[in-house]
Amino acid sequence: MLDVDRIRADFPILKRQVHGKPLVYLDNAATSQKPEVVIQALTDYYRQYNANIHRGVHTLAEEATAAYENARRKVGRFINAYSPREVVFVRNTTEAINMVALTWGRAHVREGDVIVLSVMEHHSNLVPWQLLAQSAGAQLEFVELDPQGHLDLEHLRRLLDTHGERVKLVAMSGMSNVLGTINPVAEIAALAHAVGALFLVDSAQSVPHLPVDVQAIGCDFLAFSGHKMLGPTGIGVLWARKEVLQAMPPFMGGGEMIKRVRLRESEWNDIPHKFEAGTPNVAHGIGLGVAVDYLTGIGMENVKAHEQSLAGYALERLAAVPNLHIYGPPCPDRGGVITFNLMRGGELLIHPHDLASILDQEGIAIRAGHHCAEPLMDYYGVPATARASFYIYNTEEEVDRLAEALLRAQDLFGIS
Amino acid sequence: MSEMYTERLLDHYLHPRNRGSLPRHLDEGGSVFVAEEYNPLCGDRVRIEFRVQNGQVAEAYFDGRGCAVCLGAASILTEVIHGKSLDELRSLGRSEFLAELQSSIRPARLKCALLPWIAFRRAAYGEDQSGEE
Ligand SMILES: Cc1ncc(COP(=O)(O)O)c(C=O)c1O
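One line per chain: the protein sequences are S and Z, in this order.
Numbering-wise (our numbering), the first sequence opens with residue 1 and increments by one.
Numbering-wise (our numbering), the second sequence opens with residue 1 and increments by one.
Here is the structure:
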């Protein structure tokens, strides 16, 4: 188990008060807080070896290049990549998925082809495929959910049977940012490959919170964001199998992504540089490497166990709050995401935005809204939901404070 | 004032005034103004309708679905505009309306609070204030 007190001491922001109350930060699915070592890594870079990378021959450039490429190796090891060259640094999950849609997608998806998604996807694993499908004349299919909020794998099998080799890609989240459902990605990879499709995992929620091993999953693409895993904003990762990346056309043109440039044509650089045009986010790439070290030090099995135990505690504790409706599957099929509404007879008793504002007055940060998953809100027939999401520094006492605040919110609104 | 859920706002939310639609079965005369606004971020939807007779707002109603801030503000709006002329109400700008709420609306919730006012401005003057926040 985690030494949560020691972990909390590593996060300066957790000492903050909000409206005179100690901060209870339960919006980790949106973005995580950062430990001192990550914050320090950014200032160290700017204070001691700030330089542009790859092109310089002076000492600072050498140091910066080594640190950036070392971060790439750390990230590669963290997800068990076959090679660090499969790790492409991008801005975030959204950019990673768009890159796949705009390069691999444009090259391989044709009229009449099919892309299989699910109804629980985040907009960033939906809209890029809508754009691709519209321009290519391809078709989108959506796996539905079972009543508990698991992916309906039987439905996936039927879709793959029906469309067979016309399915070019299956793209699904490793863990839902709304329901917390942990999806059986290895099983989905096998099903996708059986019809010759590639499989992309939107790992924005899974890489930060679960052990992820791309070789064990057998996926072809994996996308995630540094800012949700203790790292800085503006740095994320597209991982893809080497053969897939090598065959993929470049994304943006410019410096660094080329090997030889002539006036009318150019030769592309090797992967991953082929996909990293221009000066990258050097500082934050290095910061992500430090975040990965921090998580590795704790152990991702321990991270998962801590969050699942908190989720289990929250499900039990919140069951005692009247009128609380929780979405998503039971433990252990969910990670540390609890999405809920205060409802009676199918009607919202308190709008989630009001709930989030009232909780904020108590120093508790939760999320309210559609969580960039509007189709999922439509699926459940609600305009919005409230969400508490955990990380390594959250405690059972914080869940208690959430539960108590939910009772007080109902008092304030005169709900009996 | 630092409270958002003040007594006034909550009272209007929990005990809404003028919720519903203008009675249409009577031909009361005057002119009817209607507009509906939607906030895709949180799914708030509010409709404001009012009848102007002899130069004044004779009746005003709201209906909709949304959060307490939005619906409470809509209820307050119907009271604020009642009995005033559209000329007078031109000076009911964004900050004047927010002042009427007597609640300190946090920045992230301004859109909720202003939605009924945006509907009113559209209905009364054909203005598009939806880009305002
Ligand atoms: C499942 C999922 N996919 C994609 C994203 C998008 O991440 P980003 O905004 O960092 O690109 C998020 C984050 O909100 C997410 O939870």
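Ideal placement from N, C-alpha and C gives every residue a C-beta, glycine not left out.
**Request:** Please look up how many angstroms separate the CB atoms of GLY20/Z and TYR61/Z, rounded, as I've assumed it's under 8 Å.
**Result:** The pair is a contact, with the Cβ atoms about 5 Å apart (cut-off 8 Å).
**VAL46/S, buried or exposed, once every other Cβ within 10 Å from all chains shown has been counted against 16** = In the sequence on display, residue 46/S carries Tyr and not Val. Burial call: exposed.
**Prompt:** Would GLN102/Z be called buried (16 or more neighbouring beta carbons within 10 Å of its own) or exposed?
**Reply:** By the neighbour-count rule (16 or more Cβ atoms within 10 Å), GLN102/Z is not buried but exposed.
**Asked** Which residues, in order along the stretch 33-59 of chain Z, keep a beta-carbon less than 7 Å from a beta-carbon of chain S?
**Response** Only LEU41, CYS42 and GLY43 from the stretch 33-59 of chain Z bring a Cβ to less than 7 Å from some Cβ of chain S.
**Asked** Would the stretch 215-229 of chain S and the stretch 239-258 of chain S be scored as touching if the rule is three or more Cβ pairs under 8 Å?
**Response** A contact exists between the stretch 215-229 of chain S and the stretch 239-258 of chain S.
**Prompt:** Of all the CB atoms in chain S, is at least one closer than 7 Å to the CB of ASP11/Z?
**Reply:** No, no contact with chain S.
**Request:** Report yes if the CB atom of VAL46/Z is closer than 7 Å to the CB atom of ALA74/Z, and no otherwise.
**Result:** In contact: VAL46/Z and ALA74/Z (Cβ atoms closer than 7 Å).
**Message:** Run the Cβ filter for me: residues under 5 Å from any heavy atom of ligand 1, listed in the order they occur in the chain.
**Reply:** Residues with their Cβ less than 5 Å from any non-hydrogen atom of ligand 1, running along the chain, are ASN92/S, THR93/S, THR94/S, HIS122/S, SER124/S, SER173/S, ASN177/S, ASP202/S, ALA204/S, GLN205/S and SER225/S.
**Item:** chain Z residues whose Cβ lies nearer than 8 Å to that of LEU412/S
**Value:** Chain-ordered, the chain Z residues with CB closer than 8 Å to the CB of LEU412/S read TYR5 and LEU10.
**Message:** Determine, for VAL18/S, whether the minimum Cβ-Cβ distance to residues of chain Z falls below 7 Å.
**Reply:** Chain Z contact via Cβ: absent.
**Asked** By Cβ distance below 8 Å, which residues in the same chain neighbour GLY20/S in space, the five residues on each side in sequence not counted?
**Response** Excluding sequence neighbours, GLY20/S sits near GLY363.
**Asked** Residue range of the beta strand (DSSP E) that TYR327/S falls in?
**Response** 324-327 is the extent of the beta strand (DSSP E) around TYR327/S.
**Prompt:** Residues in the stretch 359-392 of chain S with C-beta within 7 Å of chain Z's C-beta atoms, listed in sequence order?
**Reply:** Going along the stretch 359-392 of chain S in chain order, one finds GLY369, PRO383 and ALA384 with a Cβ nearer than 7 Å to chain Z.
**Asked** Which residue's Cα is closest to the Cα of PRO22/S: LEU406/S, ARG401/S, GLN410/S and ALA409/S?
**Response** With distances taken between Cα atoms, PRO22/S lies closest to ARG401/S.
**Message:** Give me the chain Z residues within the contact set of ASP354/S, using Cβ-Cβ distance strictly less than 8 Å, ordered along the chain.
**Reply:** The contacting residues are TYR5, CYS67, ALA68 and VAL69.
**Asked** Can the beta-carbon of VAL143/S be found less than 7 Å from the beta-carbon of SER176/S?
**Response** With a cutoff of 7 Å on beta-carbon distance, VAL143/S and SER176/S are scored as not near each other.
**Message:** Does any residue of chain Z have a CB that is nearer than 7 Å to the CB of HIS351/S?
**Reply:** Taking 7 Å as the threshold, the shortest C-beta distance from HIS351/S to chain Z falls below it.
**Asked** Under 7 Å, do GLN139/S and VAL109/S count as touching if we go by C-beta distance?
**Response** Cβ atoms of GLN139/S and VAL109/S: not closer than 7 Å.
**Prompt:** For the stretch 362-381 of chain S against the stretch 278-290 of chain S, are there 3 or more C-beta pairs whose distance is under 8 Å?
**Reply:** Because the criterion of three Cβ pairs below 8 Å is not met, the stretch 362-381 of chain S and the stretch 278-290 of chain S do not touch.
**Message:** Strictly below 7 Å CB to CB, what residues from chain Z border SER357/S?
**Reply:** What SER357/S touches in chain Z: MET4, ARG106 and ARG109.
**Proximal chain S residues relative to LEU14/Z, where beta-carbon distance stays under 9 Å** = Here the neighbours are PHE413 and GLY414.
**Request:** Output yes or no for whether 7 Å exceeds the beta carbon distance between GLY30/Z and ARG51/Z.
**Result:** Yes.
**Prompt:** Between PRO12/S and the rest of its own chain, which residues show a CB-CB distance below 8 Å, the 5 nearest in sequence each way excluded?
**Reply:** Cβ neighbours of PRO12/S beyond the five flanking positions: GLU36 and ILE39.
**Asked** Thinking C-beta only, is LEU198/S closer than 7 Å to ASP220/S?
**Response** Closer than 7 Å, so yes.
**Item:** Sequence-distant residues of the same chain with beta carbon closer than 8 Å to MET4/Z, five excluded per side
**Value:** The answer, listed in chain order, is VAL69, SER103, SER104, ILE105, ARG106 and ARG109.
**Asked** Can you tell which of GLN53/Z, CYS67/Z and CYS42/Z has the C-alpha that lies nearest to the C-alpha of PRO16/Z?
**Response** Per the C-alpha coordinates, the member of GLN53/Z, CYS67/Z and CYS42/Z positioned closest to PRO16/Z is CYS67/Z.
**Request:** Indicate the three-state DSSP secondary structure (helix, strand or coil) for VAL425/S in the structure shown.
**Result:** Residue 425/S lies beyond the stretch modelled for chain S, which goes from 1 to 416, so this question has no answer here.
**Request:** Determine, using beta-carbon pairs with one atom in the stretch 384-402 of chain S and one in the stretch 330-346 of chain S, whether at least three such pairs fall under 8 Å.
**Result:** Yes: at least three Cβ pairs fall under 8 Å.
**Prompt:** Does the stretch 199-213 of chain S touch the stretch 74-82 of chain S, meaning 3 or more C-beta pairs lie closer than 8 Å?
**Reply:** Yes: the two stretches touch, three or more of their Cβ pairs being nearer than 8 Å.
**Asked** What's the call for VAL57/S, buried or exposed, on a 16-neighbour Cβ count within 10 Å?
**Response** So VAL57/S counts as exposed.
**Request:** Determine, using beta carbons only, whether TYR49/S and LEU60/S come nearer to each other than 7 Å.
**Result:** In this structure, LEU60/S lies closer than 7 Å to TYR49/S by Cβ.
**Own chain, CB closer than 7 Å to ALA124/Z, minus 5 neighbours either side, in chain order** = Cβ-Cβ distances below 7 Å link ALA124/Z to PHE33, LEU86 and LEU89 in the same chain, with the five nearest sequence neighbours on each side left out; the list follows chain order.
**LYS111/Z, enclosing alpha helix (DSSP H) - first and last residue** = It spans 110-125 - the alpha helix (DSSP H) in which LYS111/Z sits, taken as one unbroken run.
**Item:** 7 Å CB neighbourhood of SER203/S in its chain, flanking five on each side removed
**Value:** The residues are GLY174, VAL212, LEU222, ALA223 and PHE224.
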